[in-house]
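Numbering-wise (the UniProt record's numbering), the sequence shown opens with residue 1 and increments by one. Just so you know, even glycine gets a beta-carbon here, dropped at the ideal spot from N, CA and C. Quick notes on the structure that follows.
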Amino acid sequence: MVKMTHSLSQKPLLEGELPISGKKTQVTETYRKELEHQQYRFVGSHSAVKVCGWTKNMLRGEGGCYKFKFYGIRSHQCMQMSPNLSCANRCSFCWRGSKAPVSQEWEWKMDDPELIVRESLQAHHTLLAGFGGNEKVSKQAFEQSKHVGHVALSLTGEPIAYPKINELCEQFHRQRISTFIVTNAQYPEAIQKLKTITQLYLSLDAPNQKILKELDIPLFSDYWERYIQSIENVSQKKYRKTARLTVVKGINDVEPDNYAKLIRKGDFDFVEVKGYMHVGESQKRLSRERMPDFDYVKEFGLKLLEFLKDEYELASEHKPSDVILLAKKKFHGKTWIDFEKFFELMNVTHPPENLDAEKYSVGMQNVKESEHDFGVIQ
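Here's what the structure looks like:
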């Protein structure tokens, strides 16, 4: 187990505990205004919501994102948010700018999960309100969008560093909202404590220590140990878990054999091999040549698969998002999520803390025809 390094000296941390100190506000007024200008809406003192472009596309009948094709997530009913705007990395391929908060520990005042859920949904609905008068938007799709079915806790920052992340996810589950969390693999204890969510993503950014430091620019001095321990802790989760490998051309597109070893160590159900997008502040740090096209991404993904082919197979691809999906053969192509079954298993007096992924995974052919509405399966 990796020992947490932190700057506080008042008392030692208990195993699995995230340090909490201070009452300062996480985001400066200048940065808040900057993000609001980019159509972000702040919730409480450390959370934010923004409507994803794929949500807008699906409302207009232009197709859902790759998560719709891969997992059955209906983009027009998906909310994108984060309960923590701070991160322990300054990844060179991230859209975030220099004003974005970074920290190794939680050092701000903390909002209650109930407030975050309530106000996030309110902000999301407010941002979508204008689509009701858009002639290109299906009225049925717009009405359905009022009932959020999924939340992607991946907008910005490190969501699992929010100390009440389990309580937050429980609140979403009670409202029949499925949960998808992306972690940057720097908080192994928080991963260890994370109870059942619908699907966990871990950013598998590098095959070795040198590239991880170059690409992620981590704050922690023991960043590699945290990375490895995070991957090992993911392996203990029975619920759905995905490794996300963002390919930055000419930097981390090497050593597929070492990536394969990390994937096996984490016992991931799925592997997304996705191209870096040359957007936001990353344009100041990386050249456009670092953004691979779909063919390049797929070629690297197939090289990776050569080291995993006894256990994994190519399950799907989505060219508009420059991403391919590898899945464990044991799923037999059942990469979609049976959301009704998930909530049936979770909304009980004592929900399982580590739900078996195969209990709520289905094939696309088992989903009702209505699930294909408003989306182009590409």
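Cβ-based burial, residue i [other Cβ within 10 Å; buried from 16]
| i | result |
| --- | --- |
| Asn-354 | exposed |
| Glu-135 | exposed |
| Asn-57 | buried |
| Arg-174 | exposed |
| Arg-244 | buried |
| Asp-112 | exposed |
| Ser-21 | Only weak support is given to the placement of Ser-21: the predicted model assigns it a pLDDT of 44, under 50, and the value that follows is read from those uncertain coordinates. Classification of Ser-21: exposed, given that the 10 Å Cβ count is below 16. |
| Val-182 | buried |
| Lys-67 | buried |
| Gln-283 | exposed |
| Gly-363 | exposed |
| Lys-341 | exposed |
| Glu-306 | exposed |
| Ser-221 | exposed |
| Val-273 | buried |
| Ser-75 | buried |
| Asp-322 | buried |
| Ser-235 | exposed |
| Gln-122 | exposed |
| Gly-301 | buried |
| Gly-132 | exposed |
| Thr-196 | buried |
| Glu-170 | buried |
| Thr-335 | buried |
| residue 393 | The requested residue 393 is not part of the displayed model; the chain covers only 1 to 378. |
| His-37 | exposed |
| Lys-139 | exposed |
| Lys-330 | exposed |
| Gly-275 | buried |
| Thr-55 | buried |
Cβ distance (whole Å) where residue i is taken to contact residue j below 8 angstroms
| i | j | result |
| --- | --- | --- |
| Ser-230 | Thr-198 | Actually they do not touch by this definition, with Cβ atoms about 19 angstroms apart. |
| Cys-87 | Gly-157 | 5 angstroms |
| Tyr-239 | Ala-357 | 5 angstroms |
| Leu-168 | Ile-116 | 6 angstroms |
| Ala-185 | Arg-226 | 7 angstroms |
| Arg-118 | Phe-343 | Their Cβ separation, rounded to whole angstroms, is 19 angstroms, which puts Arg-118 and Phe-343 out of contact at 8 angstroms. |
Beta-carbon spacing of residue i, residue j below 8 angstroms
| i | j | result |
| --- | --- | --- |
| Leu-219 | Asn-89 | yes |
| Gln-80 | Leu-155 | yes |
| Lys-24 | Trp-108 | yes |
| Leu-325 | Phe-268 | no |
| Tyr-201 | Thr-246 | no |
| Leu-204 | Leu-153 | no |
| Phe-180 | His-150 | yes |
| Leu-215 | Asn-252 | yes |
| Tyr-223 | Lys-237 | no |
| Phe-142 | Leu-85 | no |
| Gln-26 | Pro-101 | yes |
| His-332 | Lys-69 | no |
| Tyr-259 | Leu-314 | no |
Reference residue i, options the options, closest by Cα
| i | options | result |
| --- | --- | --- |
| Ala-161 | Gln-104, Val-148, His-150 | Gln-104 |
| Pro-207 | Glu-167, Val-248, Lys-238, Gln-171 | Val-248 |
| Lys-298 | Tyr-227, Ser-316, Cys-78, Glu-158 | Ser-316 |
| Asp-257 | Leu-308, Asn-233, Val-271 | Leu-308 |
| Ile-217 | Phe-93, Ala-190, Lys-50, Ser-321 | Phe-93 |
| Arg-264 | Asn-233, Met-277, Glu-281 | Asn-233 |
| Val-279 | Glu-272, Ser-75, Arg-288 | Arg-288 |
| Glu-360 | Gln-77, Gly-72, Glu-272, Tyr-276 | Residue identity differs from the one stated: residue 360 is Tyr in this sequence, not Glu. Minimum Cα distance to Tyr-360 is reached at Gly-72. |
| Ser-120 | Pro-83, Glu-170, Phe-131 | Pro-83 |
| Arg-41 | Phe-343, His-124, Val-151, Ala-260 | His-124 |
| Arg-96 | Glu-62, Arg-32, Arg-118, Lys-237 | Arg-32 |
| Lys-164 | Lys-237, Lys-213, Ser-47 | Ser-47 |
| Cys-78 | Gly-64, Glu-29, Tyr-276, His-37 | Gly-64 |
| Pro-188 | Val-151, His-150, Gly-266, Pro-352 | Gly-266 |
| Gly-250 | Ala-260, Leu-286, Val-43, Glu-281 | Leu-286 |
Closer than 8 angstroms to chain B by CB, residue i
| i | result |
| --- | --- |
| Lys-136 | Given the protein chain composition of this structure (a single chain), no chain B is represented. |
*Residue ranges of each beta strand (DSSP E) run of no fewer than 3 residues wholly in the region 16 to 72, ordered along the chain?*
Fully enclosed beta strand (DSSP E) runs of 3 or longer: 20 to 24, 41 to 43, 47 to 49.
*Within the region 179 to 208, ranges of the alpha helix (DSSP H) (whole runs, at least 4 residues)*: 188 to 193
_Ordered list of alpha helix (DSSP H) runs contained in the region 283 to 331, each at least 4 residues_ = 294 to 306
*Residue ranges of each beta strand (DSSP E) run of no fewer than 3 residues wholly in the region 223 to 281, ordered along the chain?*
Those beta strand (DSSP E) runs which fall completely within the region 223 to 281 and span 3+ residues are 240 to 247, 270 to 275.
*Hey, which unbroken runs of the alpha helix (DSSP H) at 4 residues or more fall wholly within the region 70 to 151?*
113 to 128, 139 to 145
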